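Participant: Take 766 as the starting number for the sequence shown in our numbering and just add one per residue. All C-beta atoms in this analysis are idealised placements derived from N, C-alpha and C, irrespective of residue type, glycine included. Quick caveat, the model's predicted, so the values are computed rather than measured.
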Amino acid sequence: MDEKEILAWAEASGISVEQAREYLKKLEPLDKKEDDILREVFSGVNRPVLELSAGRGEFTRQLLEKYLKPEGKLYTTERLPEVAEKLAQAIPDKRLEVLVSDSSTLPLPDGSAGLVISRAALHDFVSDDGDVVKALEDCVRVLVPGGTFVIYDKIKDGYQDVETESAEGRMERMNVELAALEGKVCWGLHFLKDYVRLMEEMGFSDIKTTVLEMPDQPGYVRYMTGNLNERRPAYVKRWGEKVNAVLDSLAADFQKTPPRALSMAFVWGKKL
Ligand SMILES: C[S@@+](CC[C@H](N)C(=O)[O-])C[C@H]1O[C@@H](n2cnc3c(N)ncnc32)[C@H](O)[C@@H]1O
């Protein structure tokens, strides 16, 4: 974050610049841990990398800037055409190709990727029946034998009832409710052990895990409330007026939910 971004974020969160800096300082050792793991999983990869569910492309940018070789190739998937188009325009890097594709129908040959990776994607994963193993089968197909599959996602470890104990946990329920408005199922938050089981069910071996305990973000509720208010018209456009009830109930719950953060976990393994 540059100075301007820190100021804007502090203001939108209702916190002082000192509080903002203190929080960013706490993130430094976690960034280092993340960097070590990403260097490890990218080392020796000499085929294209597939990123699942880029969203606004923050992680995509990071992969291109820090980990993908200059002659490498990165495919990233996004199931929503309008999001995919914005993404391709926003990241003009020749090594990047945005696939407008659901993860279950990838336009790539068998064994063509050396690494499949996603960040903050699986808890948000939407499919017809909520069967994540089935939804990810095609991602396993495109991974070369010996290739690495990396899940990097939010987890609900440390909470009994994540939706009432953590504002971020409550926030994540919204994605489940939005998917339901479309008659679909969003996987939602899970425990680390669920991701390990998922990797086992997908047939990966040599599974490793690392948890990054994220510090609570000061001003999270205020920041997210402002953000959701800004996005409300776009949500209504996509889901109709019924989305207002989802947003209103989230705003009300935010007022009584502790502003605690969720941990992030890396879970990675090899395809046999
Ligand atoms: C939280 S965002 C991803 C954030 C991003 N990876 C990052 O780290 O900045 C989750 C994205 O997953 C996409 N998504 C949900 N279900 C999907 C599926 N079955 N296949 C592909 N993309 C999916 C959504 O459209 C959304 O853009």
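1. Does the beta-carbon of R821, which I'm using as the reference point, lie nearer than 7 Å to any heavy atom of ligand 1?
2. With DSSP collapsed to three states, give me the class of M1029.
3. Work out the CA separation of V814 and G758 for me, nearest whole Å.
4. Please indicate yes or no: does the CB of D738 lie closer than 7 Å to some heavy atom of ligand 1?
5. Have a look at A1030, K769, D767 and K790 and flag the residue whose alpha-carbon is nearest the alpha-carbon of P983.
6. I need the straight-line Cα distance from D800 to Y917, nearest angstrom please.
7. Looking at C-alpha atoms only, which residue of V898, A1016 and E978 is the closest neighbour of R938?
8. Pick from Q854, S869, I856 and K834: whose alpha carbon is nearest that of R844?
9. DSSP on I1109, reduced to helix/strand/coil?
10. Whose C-beta lies closer than 8 Å to the C-beta of M989 among residues of the same chain, with five residues either side of it excluded?
11. Determine the closest residue to D971 out of V1032, E783 and S866, with distance taken between C-alpha atoms.
12. By a C-beta neighbour count over all protein chains shown, 10 Å radius and 16 as the cutoff for buried, is A945 buried or exposed?
13. When you measure from the CB of S1028 to every non-hydrogen atom of ligand 1, does any distance come out below 7 Å?
14. Quick one, are the C-beta atoms of D894 and V950 less than 8 Å apart?
15. Following the continuous alpha helix (DSSP H) through K847, name the residue where it begins and the one where it ends.
16. Could you please give me the residues that DSSP links to Y840 through a beta bridge?
17. In this structure, how does DSSP classify I771 when only helix, strand and coil are distinguished?
18. How would you call V782, buried or exposed, if buried means at least 16 neighbouring beta carbons within 10 angstroms?
19. Measuring alpha carbon to alpha carbon, tell me which residue in P910, V907, H955 and V905 is nearest Q925.
Facilitator: Quick answer:
1. yes
2. strand
3. Residue 758 lies beyond the residue range present for the chain, which begins at 766 and ends at 1037; the question has no answer from this structure.
4. Missing from the structure shown is residue 738; the chain here goes from 766 to 1037 and no further.
5. K790
6. 12 Å
7. A1016
8. S869
9. Residue 1109 lies beyond the range of the chain shown here (766 to 1037); nothing can be said about it.
10. A932, M936 and F1019
11. V1032
12. exposed
13. no
14. yes
15. First, the amino acid is wrong: residue 847 is Glu here, not Lys. Unbroken alpha helix (DSSP H) run through E847: P846 to A855.
16. L815 and E862
17. helix
18. exposed
19. H955
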